[in-house]
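Visitor:
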Amino acid sequence: MYLLLVSVVLLLWYLLFRYKRRRLYQLAEPIPGIEENLPFLGVLKHSYNAIDKVVPLLEYMSRESFNTGGILKIWAGHLFFIALTNPADIKFVSKNCLEKDLLVTKSLRSVIGDAGIFAPVSIWSRRRKVLVSAFSPKILNSLMDVFSRRSAGLAGKLKKFSGCGTFDIWPSVNSFTLGSVAETSLGIKDINVMKDVMVSDFLNSVAEVFKLVTNRLLTIWLWSDWIYKFTWQHHQFTIHNNTLINLTNNIIRKKRNDLRNVDMNIYENQTIFGQGDDKVDSFLDHLILLSQRHNGFTDTELREEMTTFLLAVRVLDDDGEKLFKDMLSDLKYLDMVLKESLRLFPPTPLIIRKTTNEITLPSGYTVPAETGIIISIWGAHRDPNYWGPDADWFKPERFEAGGKTGLYIPFSTGPRNCV
């Protein structure tokens, strides 16, 4: 009798749940789906060892969408998403759906807080004003010496392997990237000094936090804060995240102290920012100074933006000629190589937005309110309907003037694209 009563209650609850969501199911019905959408579970079966499955699943969904007009519906339990690869729908969503799906991204926000990349629109719009100023041509030009010197160092390391056959390039590139990011973003010039301070704690914590956050993002039952706080992952995350917070807070306090006497009038009127002032030599320096003009960033906001920046992480002739900004416009084939590399391997293979109300896409489908929209940059960059049958080939020449190209958005598109 008790079992029967429980069954009736559960059935009534399920029917009520379905009734309240009837509009969602009505709109979702005509949208093409995939075989992975199992009854009740959807794609939840992939949550086990999800880190190993996310790339193959993204590739599978993207390629399936090539045959369904560039749109697919995805169920993850009761959660409804759509995935897009067609240019028209992606451009529409990027322009009109500015909110991020906070349910999906909250694991990342536990590290970076309300940093611009995932902030609600109300916070993002204010912060972006400062970030856009910090990435101005003036400031980027002031860092050309760093790019030139670091590139020369990398070229020197790689030259030693010339004629040696295949070799592991990752250690050299990783060291170059780490040194460049540390110097341009934090003003830490000496890689060896930086390693003494950071490698054992900071770099290890960066790697562990990234791994833990990714695992939580892809393991849907860990989305619940109540469940997550009782897991070993939460304990490890707290330890490593505190290491990141303490280190970045110490750097920010020191930078604020070093910059307290910088004359803002002189700073803002320089042709190249930081020129002639040894105190201003990094992205963080510029961010601190520029924030004074826009209801300044607090230390917490600075830490969030810098953590995001850190987590996201050249021409030389026989005479060792330095790389200057005026030379960059002449590197036409290198530009094509870089674009093709970013096409095939975008830094962020997908982004997620959320609808705040019903929208009708250019493809004709109406998407329910509060739906997570997965924009597959990986898929948009490899769709043979737009890039041709050789979409999976590495072919820099496709970016020559007049070449056939599809939607190219390695750093997203629309108002919330990457600064």
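Sequence positions in the sequence shown follow our numbering and run 155 to 573. Quick reminder that beta carbons are idealized off the backbone N, C-alpha and C, glycines included.
Ignore the nearest five residues each way along the sequence and tell me which others in asparagine 403's own chain have a CB closer than 8 Å to its CB.
Guide: Answer for asparagine 403: Asp453 and Arg457, listed in chain order.
Visitor: With respect to the alpha helix (DSSP H) encompassing lysine 283, which residues constitute its N-terminal and C-terminal limits?
Guide: Residues 275–288.
Visitor: Below 8 Å on the Cβ atoms is my guess for isoleucine 527 versus arginine 507; work out the distance and round it to an integer in Å.
Guide: That pair is a contact at about 5 Å.
Visitor: Touching or not, the segment 550–564 and the segment 212–227, by the rule of three or more beta carbon pairs under 8 Å?
Guide: Contact between the segment 550–564 and the segment 212–227 is absent, because fewer than three Cβ pairs lie under 8 Å.
Visitor: What's the gap between the Cα of glycine 474 and the Cα of valine 284?
Guide: Bear in mind that the predicted position of glycine 474 carries a pLDDT of just 42, short of 50, making it unreliable; the figure below should be weighed with that in mind. Straight-line Cα distance between these residues: approximately 37 Å.
Visitor: In its own chain, which residues sit with a C-beta less than 8 Å from the C-beta of glycine 223, not counting the 5 before and 5 after it?
Guide: Here the set comprises Pro186, Asn240 and Ser517.
Visitor: Does the beta-carbon distance from proline 564 to proline 522 come in below 8 Å?
Guide: No, the Cβ-Cβ distance between proline 564 and proline 522 is not below 8 Å.
Visitor: Among the candidates Leu166, Leu413 and Thr338, whose CA atom is the shortest distance from the CA of methionine 442?
Guide: In the sequence as displayed, the identity of residue 442 is isoleucine instead of methionine. For isoleucine 442, the nearest C-alpha among the options comes from Leu413.
Visitor: Let me check understanding here. Comparing Cα to Cα, which of Phe234, Asn395 and Leu492 lies closest to arginine 175?
Guide: When only C-alpha atoms are compared, the closest one is Phe234.
Visitor: Report yes if the CB atom of cysteine 251 is closer than 8 Å to the CB atom of isoleucine 513, and no otherwise.
Guide: The answer is yes: Cβ separation under 8 Å.
Visitor: Excluding the 5 residues preceding and the 5 following leucine 561 in the sequence, name in chain order all residues of the same chain whose CB lies nearer than 7 Å to its CB.
Guide: Closer than 7 Å at Cβ, skipping near neighbours: Pro241, Ile244, Ala534 and Tyr540.
Visitor: Which residue comes first and which comes last in the alpha helix (DSSP H) that contains glycine 333?
Guide: Element bounds for glycine 333: 324–335.
Visitor: DSSP state of leucine 515, grouped into three classes?
Guide: Note: leucine 515 maps to coil in three-state DSSP.
Visitor: Assess contact between the segment 304–311 and the segment 325–341, defined as three or more Cβ pairs (one per stretch) separated by less than 8 Å. Is contact present?
Guide: Enough Cβ pairs lie closer than 8 Å, so yes.
Visitor: Reducing DSSP to helix, strand and coil, say where glycine 533 ends up.
Guide: It is helical.
Visitor: Enumerate in chain order the residues of its own chain whose CB-to-CB distance from isoleucine 529 is below 6 Å, with the five nearest sequence positions on each side excluded.
Guide: The answer, listed in chain order, is Leu238, Ile244 and Ile505.
Visitor: Express the C-alpha separation of glutamate 459 and glycine 572 in angstroms, rounding to a whole number.
Guide: According to the sequence provided, residue 572 is cysteine. The question's glycine does not apply to it. So the two alpha carbons sit approximately 13 Å from each other.
Visitor: Distance, Cα to Cα, asparagine 511 vs threonine 525?
Guide: If you take the alpha carbons of asparagine 511 and threonine 525, they lie about 9 Å apart.
Visitor: Going by Cα to Cα distance, which pick from Leu376, Ser264 and Glu337 is closest to phenylalanine 301?
Guide: When each option's Cα is compared against that of phenylalanine 301, the closest is Glu337.
Visitor: So what's leucine 233 in DSSP terms, helix, strand or just coil?
Guide: Leucine 233: strand per DSSP, three-state reduction.
Visitor: What does a CB cutoff of less than 6 Å around serine 248 pick up in its chain, not counting 5 residues either side in sequence?
Guide: Excluding positions up to five away in sequence, the list reads Thr567 and Gly568.
Visitor: Hey, could you find the ends of the beta strand (DSSP E) isoleucine 293 is sitting in?
Guide: Where isoleucine 293 is concerned, there is no enclosing beta strand (DSSP E), although the alpha helix (DSSP H) it sits in stretches over 291–296.
Visitor: From the DSSP output, which residues share a beta bridge with glycine 587?
Guide: Here the chain has residues from 155 to 573 only, and residue 587 is not among them.
Visitor: So for lysine 476, helix, strand or coil by DSSP?
Guide: Annotation note: pLDDT 49 at lysine 476 (below 50); position unreliable, coordinate value reported separately. Residue state, collapsed to three classes: coil.
Visitor: On the DSSP bridge list, what partners appear for leucine 226?
Guide: Per DSSP, Ala237.
Visitor: What residues in its chain sit with their C-beta under 8 Å from that of glycine 341, if we drop five residues either side in the sequence?
Guide: For glycine 341, where only same-chain residues beyond five positions count, the Cβ hits under 8 Å are Lys409, Asp435, Ser436, Leu438 and Asp439.
Visitor: Name the two residues that bound the continuous alpha helix (DSSP H) containing tyrosine 179.
Guide: Residues 176–182.
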